[in-house]
Each structure stands twice: as C-alpha cells, then as structure tokens.
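Input: a single structure, listed below in structure tokens.
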C-alpha cells in the first residue's frame with residue numbers, strides 16, 4: 349500500500365530530522381522595547397534566558413556565544429534554529445537571520461495552545477517556556493504543537509501592504525461611526541447615519 353506523499357509546504361511540523369546533540373535551539377519573546385531569548389544548548393544543563401534591547405546584532409552575538417558554550421561542553425553545533433511568534437515586527441528579522449545562515453521560523457500565534465492556568469499567570473518567562481516546548485515539538489516532527497507561517501519575500505510583503513492598510517482604515521472607520529452613533533443615542537437621536545453626506549436619518 350502506497351503511503352500518501354508529504355506536502356512540501358506542510359508547516360504544521362518540521363520535515364528535517366532533528367539532531368539534538370548538534371542543534372542549538374532558541375526562541376524569542378518580543379515586545380516593543382526588548383527581546384527575551386530562551387535557549388536550549390546541547391551539553392548544557394541550564395536553559396539560558398537573556399533579555400536584550402531590540403538589536404539584531406546583539407541577538408546574533410548571543411547565539412554565537414551560546415554556540416561556543418555548547419562546543420566547550422563537547423558538542424559540535426551544526427545547526428542553529430530560532431523561532432518567534434508572528435506579530436507587528438513582521439518578517440524582517442527572519443529574513444535577516446536566514447541571510448546569516450541561521451534557520452529562522454515564524455510561529456502562527458493562534459496555533460500555540462495556552463492553558464487557563466498559564467493565561468492567569470502570564471509572565472515573559474512562562475511565555476518563553478511555552479514557545480520552547482511548542483517549537484521543540486515542531487522540530488521533532490510531531491503534529492499539533494504549533495504551525496509556522498510562510499516567510500514572504502520583501503516584494504511579496506510590500507504587495508500585501510495596501511490591502512492591510514485598507515483593512516485597518518475600514519476598521520478605524522467602523523469604530524468611529526459606532527462611537528458617533530452611541531454618542532447620538534445618549535442624546536436621544538436615533539436613526540441618524542453619520543456616513544450620509546447630509547447626515548440624513550436612515551430609513
């Protein structure tokens with residue numbers, strides 16, 4: 349019986365075999381002012397956690413320092429893999445890391461399962477642990493841990509920008525119109541259409 353062919357664009361699990369002894373794994377928890385980087389280093393019992401300013405060069409130096417630490421522990425690092433959740437930062441960091449021989453992946457934020465206990469006790473350290481667990485499962489080829497987002501080229505990302513800006517403007521327009529209607533209703537004015545040129549009442 350023939351096995352079904354694997355999809356080349358299957359982003360729900362890694363199709364590359366994971367060699368734990370030669371792979372340095374890192375995840376990044378991003379905010380506007382800082383990055384929190386969590387690592388899994390072969391031969392190193394502790395799992396380092398380092399907070400950096402938003403600086404890609406400092407991130408690269410940290411990854412290289414961790415690689416040296418793992419190699420001092422007797423493990424030759426053949427592969428460095430980094431993952432972070434999709435967000436406002438876009439995909440520039442993933443492209444920047446890939447250009448420097450670092451495997452970079454962008455995790456679909458909605459695909460990471462978070463328990464109610466974790467939601468109640470949310471901390472950066474906890475987020476980092478959840479990301480590491482999800483990313484490690486994905487690297488092992490196990491399903492249902494997380495799903496990656498395809499990283500577009502700069503041209504593809506720019507092509508999508510007008511649509512994203514239009515969606516944002518439409519959303520902003522709807523919020524303003526709803527606020528105006530709510531303000532008018534508080535004054536006893538109903539059926540008024542703020543979007544009409546003459547402000548006529550809606551039928």
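In the working numbering, the protein residues as written are 349 to 551.
We put the beta carbon where it would ideally sit given N, CA and C, even for glycine.
Within this structure, are the beta carbons of residue i and residue j separated by less than 8 Å?
| i | j | result |
| --- | --- | --- |
| residue 394 | residue 491 | no |
| residue 455 | residue 428 | no |
| residue 382 | residue 398 | no |
| residue 374 | residue 430 | yes |
| residue 388 | residue 480 | yes |
Rounded to the nearest angstrom, what separates residue i and residue j at their Cα positions?
| i | j | result |
| --- | --- | --- |
| residue 552 | residue 391 | This structure gives no information on residue 552, because the portion of the chain shown stretches from 349 to 551. |
| residue 376 | residue 517 | 30 Å |
| residue 488 | residue 433 | 18 Å |
| residue 526 | residue 380 | 30 Å |
| residue 403 | residue 440 | 12 Å |
| residue 372 | residue 424 | 10 Å |
| residue 359 | residue 523 | 35 Å |
Can you look up residue i in the DSSP assignment and give me helix, strand or coil?
| i | result |
| --- | --- |
| residue 495 | coil |
| residue 431 | strand |
| residue 375 | strand |
| residue 483 | helix |
| residue 441 | helix |
| residue 405 | helix |
| residue 360 | coil |
| residue 387 | strand |
| residue 418 | helix |
Taking 8 Å as the CB-CB limit, is residue i close to chain C?
| i | result |
| --- | --- |
| residue 452 | Checking the listed chains, one finds no chain C in this structure; it contains a single protein chain. |
Query raised in the report: Between the region 409-427 and the region 474-487, do at least 3 Cβ pairs fall closer than 8 Å?
Result: no
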